[in-house]
Amino acid sequence: MESSISKGDIPSIKYKDIWKDGISYNEIIEIIHNQKEPYHANQWISNFRTKFNSYLEEYVNKLSDKNPQKHCRDLYYLLEDVIHKIKFLPGYDKSYDFIKKSIKNTMDTELKNNGYILCVKDAFNEFDINYNEIYIKNKKKIDDLCENINYTNKNYGKINNSSECAEIKKHIDHQYEILREVHNSNPAKYSDVLAYYEFTSFNDLENIIKKIQCVSGENLHASAQGYNSDGIPSLSGVHIFLLLVLSLFGSFVPCFFLYKRTPLGLWLRKRIGNEINFFNKINYEKKHRILGDISEYLQDNLHNEEYNVFHHSSGD
Numbered sequence: 001m002e003s004s005i006s007k008g009d010i011p012s013i014k015y016k017d018i019w020k021d022g023i024s025y026n027e028i029i030e031i032i033h034n035q036k037e038p039y040h041a042n043q044w045i046s047n048f049r050t051k052f053n054s055y056l057e058e059y060v061n062k063l064s065d066k067n068p069q070k071h072c073r074d075l076y077y078l079l080e081d082v083i084h085k086i087k088f089l090p091g092y093d094k095s096y097d098f099i100k101k102s103i104k105n106t107m108d109t110e111l112k113n114n115g116y117i118l119c120v121k122d123a124f125n126e127f128d129i130n131y132n133e134i135y136i137k138n139k140k141k142i143d144d145l146c147e148n149i150n151y152t153n154k155n156y157g158k159i160n161n162s163s164e165c166a167e168i169k170k171h172i173d174h175q176y177e178i179l180r181e182v183h184n185s186n187p188a189k190y191s192d193v194l195a196y197y198e199f200t201s202f203n204d205l206e207n208i209i210k211k212i213q214c215v216s217g218e219n220l221h222a223s224a225q226g227y228n229s230d231g232i233p234s235l236s237g238v239h240i241f242l243l244l245v246l247s248l249f250g251s252f253v254p255c256f257f258l259y260k261r262t263p264l265g266l267w268l269r270k271r272i273g274n275e276i277n278f279f280n281k282i283n284y285e286k287k288h289r290i291l292g293d294i295s296e297y298l299q300d301n302l303h304n305e306e307y308n309v310f311h312h313s314s315g316d
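Numbering (the UniProt record's numbering), first residue to last: 1 to 316.
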């Protein structure tokens with residue numbers, strides 16, 4: 001049985017912090033943030049050597065079979081940003097080159113020794129003067145998005161049947177909407193990132209996202225297609241009205257047939273006819289009695305009027 005895909009399996013989430021433990025990232029960021037003296041950075045270099053070596057030995061097999069080139073780029077995104085920040089720390093003018101070279105030598109040695117030679121670069125590209133932190137962060141985010149889209153293209157069938165499909169779709173849609181604006185502001189600037197995944201334009205990403213059509217669980221796609229959370233078609237007011245009419249009509253047809261074509265119908269007609277005659281007779285008697293009462297009333301009043309006229313005439 002195939003394992004289900006959850007939101008946590010999306011690459012940008014699953015591998016978000018994959019290198020941070022291996023390079024003692026939090027330690028060096030704390031040194032940078034608090035602008036500690038070079039001594040502390042040198043101590044971090046020692047910890048970095050030990051931690052990076054043991055980390056590669058433990059995780060090299062897991063890293064190498066899951067988009068290894070992307071993992072290499074993620075490593076350099078982190079370390080080039082660290083080196084750039086160290087460069088501009090106060091009091092690091094004399095120690096910066098040593099720290100930079102120590103990091104590079106450690107990386108080259110350990111990457112080669114652990115079969116990760118494809119990660120070795122000729123030099124760090126911390127851009128010195130032209131380094132643009134915002135650009136590098138956006139580049140990393142677009143790289144993450146492309147990795148997610150590439151993963152989606154290979155696994156959209158499993159994603160569609162996942163109980164977390166709606167959450168996965170929401171996460172990727174949100175990523176795409178934000179980064180589309182970033183990319184469109186300068187497409188040429190990020191074309192190399194798309195090329196890593198053989199995407200020719202940002203439209204390629206959108207076309208793959210459209211393949212996410214959730215079919216299970218409570219999700220937006222089911223609602224959009226007119227289904228409730230149980231997979232049963234949702235009925236509108238018009239549908240309900242039509243069902244009632246058809247139900248009544250369906251009941252009327254067999255009743256009409258029974259009335260017209262069977263002994264039961266003959267009995268009903270006689271029964272109804274007798275009832276009608278009975279009520280007609282009662283109505284006739286009531287009508288006759290009412291008319292009689294009216295006639296008597298008129299006669300009495302007429303007699304009284306004549307008497308009054310005669311009486312008054314005599315009095316005069």
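C-beta: ideal position from N, C-alpha, C; glycine also. Quick caveat, the model's predicted, so the values are computed rather than measured.
Through-space distance from residue j to residue i, alpha-carbon basis
{"i": "Y131", "j": "Y77", "result": "12 Å"}
{"i": "K85", "j": "N42", "result": "15 Å"}
{"i": "N113", "j": "H33", "result": "33 Å"}
{"i": "N53", "j": "E110", "result": "6 Å"}
{"i": "I29", "j": "V215", "result": "44 Å"}
{"i": "T200", "j": "P187", "result": "11 Å"}
{"i": "G8", "j": "D93", "result": "42 Å"}
{"i": "I159", "j": "K70", "result": "22 Å"}
{"i": "D122", "j": "S162", "result": "43 Å"}
{"i": "K20", "j": "K51", "result": "10 Å"}
{"i": "N203", "j": "H40", "result": "47 Å"}
{"i": "R49", "j": "A166", "result": "42 Å"}
{"i": "E133", "j": "D81", "result": "7 Å"}
{"i": "N150", "j": "S4", "result": "18 Å"}
{"i": "D97", "j": "N153", "result": "43 Å"}
{"i": "E57", "j": "S191", "result": "34 Å"}
{"i": "L194", "j": "K137", "result": "15 Å"}
{"i": "E198", "j": "S185", "result": "21 Å"}
Cβ separation of residue i and residue j, assumed to be a contact under 8 Å, to the nearest whole Å
{"i": "S95", "j": "P38", "result": "4 Å"}
{"i": "Y196", "j": "C146", "result": "7 Å"}
{"i": "N148", "j": "I117", "result": "With 8 Å as the limit, N148 and I117 do not qualify as a contact, their Cβ atoms being about 27 Å apart."}
CA nearest to the CA of residue i, picked from the options
{"i": "G115", "options": "C72, Y135, E133 and Y92", "result": "C72"}
{"i": "F124", "options": "L75, E167 and C165", "result": "L75"}
{"i": "K104", "options": "R180, I23 and C146", "result": "I23"}
{"i": "P11", "options": "R49, N67 and E57", "result": "N67"}
{"i": "I209", "options": "E177, Y196 and N184", "result": "E177"}
{"i": "Y135", "options": "W19, K189 and N155", "result": "K189"}
{"i": "Q175", "options": "S191, Y197, Y156 and E206", "result": "E206"}
{"i": "Y25", "options": "I83, K14, I13 and T152", "result": "I83"}
{"i": "I31", "options": "F88, K51 and E133", "result": "F88"}
{"i": "K139", "options": "F48, H183 and L56", "result": "H183"}
{"i": "I18", "options": "F48, K154, G91 and Y55", "result": "Y55"}
{"i": "K16", "options": "G91, S4, D144 and E133", "result": "D144"}
{"i": "Y156", "options": "K211, D81 and L179", "result": "K211"}
{"i": "K141", "options": "S4, R180, T152 and N47", "result": "R180"}
{"i": "N47", "options": "Y59, E27, T152 and E58", "result": "E27"}
Own chain, CB closer than 8 Å to residue i, minus 5 neighbours either side, in chain order
{"i": "L79", "result": "I23, I103, M107 and F124"}
{"i": "I45", "result": "I99, S102, I103 and T106"}
{"i": "residue 324", "result": "A query on residue 324 cannot be resolved here, the shown segment of the chain reaching from 1 to 316 and no further."}
Simplified DSSP state of residue i, which is helix, strand or coil
{"i": "T200", "result": "coil"}
{"i": "A123", "result": "coil"}
{"i": "N26", "result": "helix"}
{"i": "N47", "result": "helix"}
{"i": "S12", "result": "helix"}
{"i": "N67", "result": "coil"}
{"i": "S54", "result": "helix"}
{"i": "C146", "result": "helix"}
{"i": "L89", "result": "coil"}
{"i": "N113", "result": "helix"}
{"i": "Q175", "result": "helix"}
{"i": "N34", "result": "coil"}
{"i": "Y131", "result": "coil"}
{"i": "S102", "result": "helix"}
{"i": "S185", "result": "helix"}
{"i": "residue 317", "result": "Residue 317 is absent from the model: the chain starts at 1 and stops at 316."}
{"i": "S4", "result": "coil"}
{"i": "D21", "result": "coil"}
{"i": "C165", "result": "helix"}
{"i": "K137", "result": "helix"}
{"i": "F95", "result": "The sequence as given places Ser at residue 95; Phe does not occur at that position. The answer is coil: DSSP assigns S95 none of H, G, I, E or B."}
{"i": "C72", "result": "helix"}
Contacts around residue i, its chain only, beta-carbon distance under 6 Å, and the 5 residues preceding and following it disregarded
{"i": "S6", "result": "E164"}
Sequence-distant residues of its chain with Cβ nearer than 7 Å to residue i (five each side left out)
{"i": "I294", "result": "With a pLDDT of only 49 at I294, under 50, the local geometry of the prediction cannot be trusted, and the value read off the model is given with reservation. Excluding residues within five positions, none has a Cβ falling inside 7 Å."}
{"i": "P90", "result": "Q35"}
{"i": "K169", "result": "I212 and C214"}
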